[in-house]
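For the sequence shown, the working numbering gives the first residue as 508, with consecutive numbering after it. Here is the structure we will look at, set down as structure tokens.
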Amino acid sequence: MFRSFRNPTVCAVATLAVALCSTSTSRCDDWPHWRGPARSGVVHEDSGFDRGAWPPGKPLWTDTLGLSGSAPIVADGRLYTMGWKDNREWVYCIEAGTGKRLWTQSYPCPLYGRKSEGDKGLYSGPSSSPSYDKRTGHLFTLSTDGDLNCWDTKRSGRRVWGINFYQAYDVAQRPLVGRRRLRDYGYTTAPLVYGDWVIVEVGDDEGNLMAFSTRTGNRIWASESKQPAGHSGGLVPITVDGIPCVAVLTIRNLLVARLDKGHLGKTLATFPWVTDFANNIATPIVDGQSVIITSAYNQYSVARLEVSRHGIRQTWKAPYAADACSPVLHQGRLYLIRQGLSCLDYQTGKLIWRAPGFGLTASCVVTSDHRLVIWANRGDLVLVESSGKSPGAYKELARKPRLMKSDAWPHIVLANGRLFCKDWNGVLMCFQL
508 MFRSFRNPTV CAVATLAVAL CSTSTSRCDD WPHWRGPARS GVVHEDSGFD RGAWPPGKPL
568 WTDTLGLSGS APIVADGRLY TMGWKDNREW VYCIEAGTGK RLWTQSYPCP LYGRKSEGDK
628 GLYSGPSSSP SYDKRTGHLF TLSTDGDLNC WDTKRSGRRV WGINFYQAYD VAQRPLVGRR
688 RLRDYGYTTA PLVYGDWVIV EVGDDEGNLM AFSTRTGNRI WASESKQPAG HSGGLVPITV
748 DGIPCVAVLT IRNLLVARLD KGHLGKTLAT FPWVTDFANN IATPIVDGQS VIITSAYNQY
808 SVARLEVSRH GIRQTWKAPY AADACSPVLH QGRLYLIRQG LSCLDYQTGK LIWRAPGFGL
868 TASCVVTSDH RLVIWANRGD LVLVESSGKS PGAYKELARK PRLMKSDAWP HIVLANGRLF
928 CKDWNGVLMC FQL
């Protein structure tokens with residue numbers, strides 16, 4: 508049974524962020540899907556540091572939305588996010604500038620996926636982030652229990668269609684990989700809107716990847732690869748020798764699958780990458796035909812790979828790692844966080860500098876004024892100079908510690924002059940930069 512709530516008040520669109528952006532040489536963008544406009548953690552807007560105190564003393568607004576590792580997205584003046592409470596998963600539409608709830612939808616859902624196993628003291632509720640289709644106004648969400656839903660944002664979030672992967676495909680529990688205990692965290696990967704398809708890592712014996720019609724929910728194709736799903740945050744488009752493809756870190760390898768007519772879902776290349784506890788979590792970075800992957804535990808490394816239609820070649824591998832923090836590439840430097848922030852040379856993998864003060868929980872955005880905005884630990888909001896501005900050493904510009912009472916698992920979001928910070932408990936803060 509679905510529940511729908513709509514705020515009857517007609518809300519005016521906030522204009523403050525637009526005014527601020529117009530005074531800067533940077534551009535303000537929406538954040539319509541996982542990891543931002545370019546799916547890279549790099550944005551076209553500046554940090555706001557040169558305009559005064561950073562961040563402002565108080566949030567513009569705050570809300571509490573239920574347990575979740577799901578990061579928000581921002582599109583057309585609205586913020587969309589997810590949370591879990593009262594044995595239901597909730598989808599929220601919030602006016603980004605004011606924090607006013609415009610509508611909510613909810614449906615019955617367990618706190619953990621039905622085949623989940625292990626580490627339940629570290630996460631709960633939805634982990635996947637929503638994705639927005641600007642052409643149709645449809646919003647796609649994926650629950651921890653495998654509910655893929657399409658919502659019509661122009662009609663107060665009316666449900667257009669939905670499917671549960673466990674019910675439709677009897678998806679098996681993830682197997683034991685590596686040398687330690689079995690782990691299954693349910694569904695974690697954000698849906699990828701690609702033209703008329705929404706592509707999802709289902710992890711079934713009918714296909715690791717499946718593409719569904721954005722309008723009807725009918726399945727269009729399934730991938731040749733039948734690997735179980737990894738635990739990463741998202742899929743990444745990549746073009747290889749002129750061939751449109753998608754890259755995903757499955758439970759056992761980096762998979763690059765074709766998206767061209769006549770070869771839909773066919774495997775173009777794979778690269779083995781097995782991590783204990785099935786902890787292939789960080790989203791791959793795509794730079795042309797190069798891909799960066801990383802994980803901890805037995806791997807404890809980051810690797811640069813070169814993809815061609817003939818296979819995948821490793822360019823370098825370095826002894827630095829990230830857990831949940833997907834790395835960010837900016838101006839020839841690679842930034843990743845695990846028990847500290849590491850800055851590496853992208854061409855060689857050599858360490859440029861490293862700094863303590865960050866644990867396993869972290870995400871990062873690089874701004875147009877060449878600064879890193881880091882969201883870490885239990886709500887530490889930190890601003891750091893990039894290597895381009897401070898090539899010899901780590902330089903911290905500002906730190907606002909312990910804004911939250913739980914871990915800052917959800918990815919930080921910077922969109923239209925506003926910074927959105929969320930924690931595992933579902934507390935969401937908006938700062939005007």
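A virtual CB, placed ideally from N, CA and C, is assigned to each residue, including glycine. As the structure is a prediction and not an experimental result, all values here were calculated from the model.
When secondary structure is reduced to three states using DSSP, R662 falls in the helix class. When C-alpha distances from Q846 are compared across A545, W610, G864 and Q854, the shortest belongs to G864.
Beta-bridge analysis with DSSP links A883 to A869 and D887. L655 places its beta carbon less than 7 Å from that of V707. For Y901, there is no enclosing beta strand (DSSP E), since its DSSP letter is neither H nor E. Looking at the backbone, the Cα of G839 and that of K896 are separated by about 13 Å. DSSP, reduced to helix, strand and coil, places R558 within a helical segment of the structure shown. Along the region 593 to 660, the beta strand (DSSP E) occurs as fully enclosed runs of 3 or more residues at 595 to 602, 608 to 615, 638 to 640, 645 to 649 and 654 to 659, listed in sequence order. Counting only residues of its own chain and dropping the five nearest sequence neighbours on each side, G866 has a CB closer than 7 Å to the CB of Q846, A883 and N884. Taking a C-beta distance under 7 Å as the contact criterion, D767 and A803 do not qualify as a contact pair. Taking the Cβ atoms as the reference, T611 lies roughly 13 Å from W591, outside the contact range of under 8 Å.
The region 561 to 571 makes no contact with the region 723 to 737, as fewer than three CB pairs between them are under 8 Å. Measuring C-alpha to C-alpha distances from R595 to each of C616, I799, I758 and F719 identifies C616 as the nearest. In terms of Cβ geometry, A578 and H918 form a close pair [threshold 7 Å].
According to the DSSP secondary-structure assignment, N760 is paired through a beta bridge with P779. The beta-carbon separation of P637 and Y701, rounded to 15 Å, does not stay under the 8 Å limit for a contact. Beta bridge pairing from DSSP links D852 with R840.
With a cutoff of 7 Å on beta-carbon distance, C832 and I844 are scored as near each other.
It is roughly 40 Å from the alpha-carbon of A810 to the alpha-carbon of E602.
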